[in-house]
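Student: To convert a position in the sequence shown, counted from 1, into my numbering, add 1. Idealized CB from N, CA, C, for every residue including glycine. It should be emphasised that the depicted structure is a prediction, and the values quoted were computed from it without experimental measurement.
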Amino acid sequence: MRNETKKNQNPVKDVEALLTATERLIGIYEQETEALKSSDTKTFLNLQENKIEMSHQYQNLHTHVAERKEELKELPITLKEKLQDMDLKFKNTAHRNLKALNAMDKSMTRLNERIMKAAREVMQEKRARYGADGSLTIEQNKSISIGLNKSA
């Protein structure tokens, strides 16, 4: 990875580098959100290293650009607008991604609770019972049905 946080003489180049990093991070968030919605664990896990790397790069560039606040006042209006638009797009994408992460967390919590409940029920049903004729019956073959609600 090249060092994108190196201070340029021209603040326009710094802002352009930030815009590029932001666009890449947005792309990763969008892919991650789709992977969560489709329960594609493999894609989700494969994105994590790249997401962490791009997040650090974005954070470093954002901090660097913020340090040049006075110089940014002289940026062309079109670049300022592009920066504002990209910031809004990033916030909206991050919000959608967070919603998808929270939904997956809720689904996994419910699945875990259902598994635990079913396991407790199986253990309770495994008790020995005596029939009217005095025979001993042990119920052991109870099946457990588990499902995942993706719409959470």
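Can you name the start and end residues of the alpha helix (DSSP H) that E158 belongs to?
Tutor: Because residue 158 is not part of the residues shown, which for the chain are 2 to 153, the question remains open.
Student: Going by Cα to Cα distance, which pick from I27, M109, L102 and T64 is closest to V16?
Tutor: Among I27, M109, L102 and T64, the Cα nearest to that of V16 is on T64.
Student: In angstroms, rounded to a whole number, what distance separates the CA positions of K90 and L80?
Tutor: Spanning the two alpha carbons is a distance of roughly 15 angstroms.
Student: To the nearest angstrom, report how far apart N4 and A120 are at their CA atoms.
Tutor: Confidence at N4 is low in this model, with a pLDDT of 47, below 50, so its placement is unreliable and no value can be given for it.
Student: Is it buried or exposed for A133, if we count other Cβ within 10 angstroms and need 16 for buried?
Tutor: A133 should be labelled exposed.
Student: In this structure, how does DSSP classify A60 when only helix, strand and coil are distinguished?
Tutor: Checking the sequence, you will find Gln at residue 60 rather than Ala. It is helical.
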